[in-house]
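> Be aware that the sequence shown starts at 1, since it is given in this note's numbering, and climbs by one per residue. To start, I am sharing the structure in question, which I have written as structure tokens.
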Amino acid sequence: VGGTMSIMDTGETQTHLEFKIPTRGIMGLKTRVMNVTHGDAVFYHTFLEYGPFAGDIGSRQNGAMISMSTEKAVAYALGTLQERGQLFVSPGVECYEGMLVGERSRPGDMVVNIARTKSLGNQRSSTADISVQLTPPRLFTLEEALEYIMDDELVEITPQNIRMRKRILSETERRKWAVRNGMVKK
Numbered sequence: 001v002g003g004t005m006s007i008m009d010t011g012e013t014q015t016h017l018e019f020k021i022p023t024r025g026i027m028g029l030k031t032r033v034m035n036v037t038h039g040d041a042v043f044y045h046t047f048l049e050y051g052p053f054a055g056d057i058g059s060r061q062n063g064a065m066i067s068m069s070t071e072k073a074v075a076y077a078l079g080t081l082q083e084r085g086q087l088f089v090s091p092g093v094e095c096y097e098g099m100l101v102g103e104r105s106r107p108g109d110m111v112v113n114i115a116r117t118k119s120l121g122n123q124r125s126s127t128a129d130i131s132v133q134l135t136p137p138r139l140f141t142l143e144e145a146l147e148y149i150m151d152d153e154l155v156e157i158t159p160q161n162i163r164m165r166k167r168i169l170s171e172t173e174r175r176k177w178a179v180r181n182g183m184v185k186k
């Protein structure tokens, strides 16, 4: 985050920590602290002083899973995708091209088909089909979403949802943009 610890007092049942952190480094920190302590931490921050630029703030290391089409998410497709990372959507959620539907467990973005259904070619095995067990999707608050996104992504806020998406929705247009800006070789 680019900060330094100034005070650490350890008592019998609690520990008091004070840090000097740039304001832009605090974004999303409260959520992380609350998750790690299971809600037991007391988090407080106040402005101390202006200071010189403290360097780049770290960003996420893993890539995103990006929807390739505008359709509802299907449990079968999500079941295969959850093996590759953490999902942000559940079955039946309306998704669109360019929307972030999960986080990969590896670096680099991956375009995925969230509407893929199981092939019904062999009817005998389809009757013994086992229902897909999905882990609950990761839901974001506005602060968490703003902290999560990269430079080429946006947060979309509606009365019902907080979604994350690529700045350029079309995969083809994203590739063209990357080539034009020298980010990828032709």
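Glycine is no exception: its CB is placed at the ideal position from the N, C-alpha and C atoms. As the structure is a prediction and not an experimental result, all values here were calculated from the model.
1) Hey, could you find the ends of the beta strand (DSSP E) L78 is sitting in?
2) Please classify S67: is it buried, with 16 or more other beta-carbons within 10 angstroms of its beta-carbon, or exposed?
3) Tell me the rounded alpha-carbon separation between S69 and E94.
4) Looking at the structure shown, is M27 part of a helix, part of a strand, or coil, going by DSSP?
5) Could you give the distance in angstroms between the alpha-carbon of D109 and the alpha-carbon of M65?
6) By alpha-carbon positions, which one of R32, M27, L48 and A77 ends up nearest to E18?
7) So what's A64 in DSSP terms, helix, strand or just coil?
8) With a threshold of 8 Å on Cβ separation, who are the neighbours of D129 within its own chain once the five nearest residues in sequence on each side are excluded?
9) Going along the chain, which residues of its own chain have a beta-carbon closer than 6 Å to the beta-carbon of M5, five neighbours each way excluded?
10) Would you kindly report the start and end of the unbroken alpha helix (DSSP H) that includes V179?
11) Taking one C-beta from the segment 71-81 and one from the segment 38-52 each time, how about it: are there three or more such pairs within less than 8 Å?
12) In the structure shown, what three-state DSSP assignment does M110 receive?
13) Looking only at C-alpha atoms, which of F88, E144, Q82 and Q86 sits nearest to R32?
If we stick to the structure as given:
1) If you number the sequence shown from 1, residue 78 lands on position 78. Element bounds for L78: not the beta strand (DSSP E) but the alpha helix (DSSP H), A75 to L81.
2) Counting from one through the sequence shown, the residue named residue 67 turns up at place 67. So S67 ends up on the buried side.
3) The residue you call residue 69 lines up with position 69 of the sequence shown. The residue you call residue 94 lines up with position 94 of the sequence shown. The alpha-carbon atoms of S69 and E94 are separated by roughly 10 Å.
4) Within the sequence shown, numbered from 1, the residue matching residue 27 stands at position 27. Collapsing the DSSP output to three states places M27 in coil.
5) Position 109 of the sequence shown, counted from the first residue, corresponds to residue 109. Position 65 of the sequence shown, counted from the first residue, corresponds to residue 65. Going by the C-alpha atoms only, they are around 6 Å apart.
6) The residue labelled residue 18 in the question sits at position 18 within the sequence shown. Answer by Cα proximity: L48.
7) The residue given as residue 64 occupies position 64 in the sequence shown. In the structure shown, the three-state DSSP call for A64 is strand.
8) The residue given as residue 129 occupies position 129 in the sequence shown. Unreliable placement is indicated for D129, whose pLDDT of 49 sits below 50; no coordinate value is reported for it.
9) Working through the sequence shown from its first residue, we reach residue 5 at position 5. So the qualifying residues of the chain are F19.
10) Within the sequence shown, residue 179 is the residue found at index 179, counting from 1. E171 to R180 is the span of the alpha helix (DSSP H), which, as asked, contains V179.
11) Contact fails: fewer than three Cβ-Cβ distances are below 8 Å.
12) Your numbering for residue 110 matches position 110 in the sequence shown. Note: M110 maps to strand in three-state DSSP.
13) Here residue 32 is taken as the residue at index 32 of the sequence shown, counted from 1. Nearest C-alpha to R32: E144.
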